[in-house]
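Notes to accompany the following structure.
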Amino acid sequence: MLPSSTVENYLKAIYLGTSQRPDGDRLPMGHLAAALGVVPGTATTMVKALAESGLVDYEPYNGVRLSAAGLTLAALVLRRHRLIELFLVRVMGLGWDEVHDEAEHLEHVMSDRLIARMDEMLGFPQVDPHGDPIPNAAGEFPAHESTTLMTCDTGTPVTVTRITDQEAGFLRFVQQYGLMPGHELEVVARDEAADAVSLSGPDGQRLTIGTRAASKVRVSASQASSRA
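In this text, residue positions in the sequence shown follow this note's numbering: the first is 12, and each later residue adds one.
This is how it looks when you write it as structure tokens:
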């Protein structure tokens with residue numbers, strides 16, 4: 012099966028869906044269909060074709076996951092998407108909340124040669140504007156470790172590394188409150204009953220956000236903290 016835009020979209024959706032599940036569990040077909048905006052029957056028909064091509068491992072009633080070949084193709088689609096997003100932000104000057112839809116279209120039409128040149132122009136980056144890891148030309152993801160504002164240690168400086176919800180409204184919220192990748196902060200307290208996480212920025216400014224929002228902001232220990 013040739014990697015058409017439809018095939019690429021399915022592989023990417025399966026990767027993103029399974030990566031959010033414990034231990035990479037299979038993605039239920041209903042979840043896949045919802046992610047792609049199709050009815051479950053349509054998704055099942057396509058997944059069966061992908062399975063016949065060796066790109067996915069599908070079990071009726073249990074769901075789907077990528078094969079090794081499917082994982083490599085999905086990673087290369089994500090590579091194109093994330094490099095395009097970074098190029099549109101860093102070179103073209105678009106806002107980080109504007110680039111997702113543009114990249115969705117461009118990722119299917121840009122040649123490997125153009126993507127390689129774009130990668131070189133950007134200095135071979137490892138993450139896109141939202142902190143998502145950019146696979147290399149072999150489809151390999153850079154190593155990274157992170158947790159969320161809901162699970163990191165309290166009272167310890169952390170640096171924002173990734174925003175997992177890239178809906179435009181949420182990205183504008185993140186930008187407004189200084190929660191963008193590279194910014195340092197500290198979790199002061201959590202109150203799940205009150206749906207609240209209290210944060211302190213490097214300048215001591217206090218901020219309270221909801222637990223749902225906090226779960227979408229990934230962080231790692233700051234350099235100063237990791238050296239302590």
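Even glycine gets a Cβ: it sits at the ideal position worked out from N, Cα and C. Keep in mind it's a predicted model, so treat the numbers as computed, not measured.
Identify which residue in the options has its Cα closest to the Cα of residue i.
i      : options                        : result
Glu109 : Pro33, Glu19, Gly180, Gly212   : Gly180
Phe98  : Ile126, Leu77, Leu87, Val88    : Ile126
Gly212 : Gly41, Gln137, Gly193          : Gly193
Asn20  : Pro33, Ala204, Gly48           : Gly48
Val18  : Glu63, Ser30, His42, Gly41     : Glu63
Met129 : Ile174, His155, Arg90          : Arg90
Leu133 : Leu94, Ala60, Thr29, Cys163    : Leu94
Thr29  : Ser15, Val138, Asp206, Ser78   : Ser78
Thr83  : Tyr26, Gln187, Arg217          : Tyr26
Ser16  : Gly41, Met40, Val88            : Val88
Val138 : Cys163, Ala154, Ala149         : Ala154
Val100 : Arg124, Asp123, Gly142         : Gly142
Met40  : Asp34, Ala24, Phe184           : Ala24
Gly150 : Asp123, Gly104, Glu156, Gln187 : Asp123
Val185 : Arg32, Glu156, Leu218          : Leu218
Tyr188 : Ala148, Cys163, Glu156, Gln216 : Gln216
Answer yes or no: do residue i and residue j have a C-beta to C-beta separation smaller than 8 Å?
i      : j      : result
Val230 : Ile220 : no
Ala225 : Met161 : yes
Ala80  : Leu66  : yes
Phe135 : Pro144 : no
Ala175 : Glu203 : The sequence as given places Thr at residue 175; Ala does not occur at that position. Result no, Cβ atoms of Thr175 and Glu203 do not sit closer than 8 Å.
Leu190 : Trp107 : no
Thr165 : Ala200 : yes
With a cut-off of 8 Å on the beta carbons, I'd call residue i and residue j a contact; round off their distance for me.
i      : j      : result
Leu22  : Val75  : Actually they are not in contact, since the Cβ atoms of Leu22 and Val75 sit about 10 Å apart, beyond 8 Å.
Ala86  : Pro146 : 4 Å
Tyr69  : Val58  : 5 Å
Ala114 : Glu131 : The Cβ separation is near 18 Å, so there is no contact.
Glu197 : Thr167 : 7 Å
Gln177 : His92  : Actually they are not in contact, since the Cβ atoms of Gln177 and His92 sit about 11 Å apart, beyond 8 Å.
Thr159 : Val228 : 6 Å
Ranges of the alpha helix (DSSP H) found wholly within the stretch 23-75, counting only runs of at least 4: The stretch 23-75 contains these whole alpha helix (DSSP H) runs: 40-47, 51-63.
Say whether the stretch 111-126 touches the stretch 47-64, bearing in mind that this needs 3 or more beta-carbon pairs closer than 8 Å, one atom from each stretch. As far as the Cβ criterion goes, the stretch 111-126 does not touch the stretch 47-64, which means the pair count is below three.
Which runs of the beta strand (DSSP E) fall wholly inside the stretch 126-174 and span at least 3 residues, in chain order? As summarised for the stretch 126-174, the continuous beta strand (DSSP E) elements at least 3 residues long and confined to that stretch are 168-174, given in chain order.
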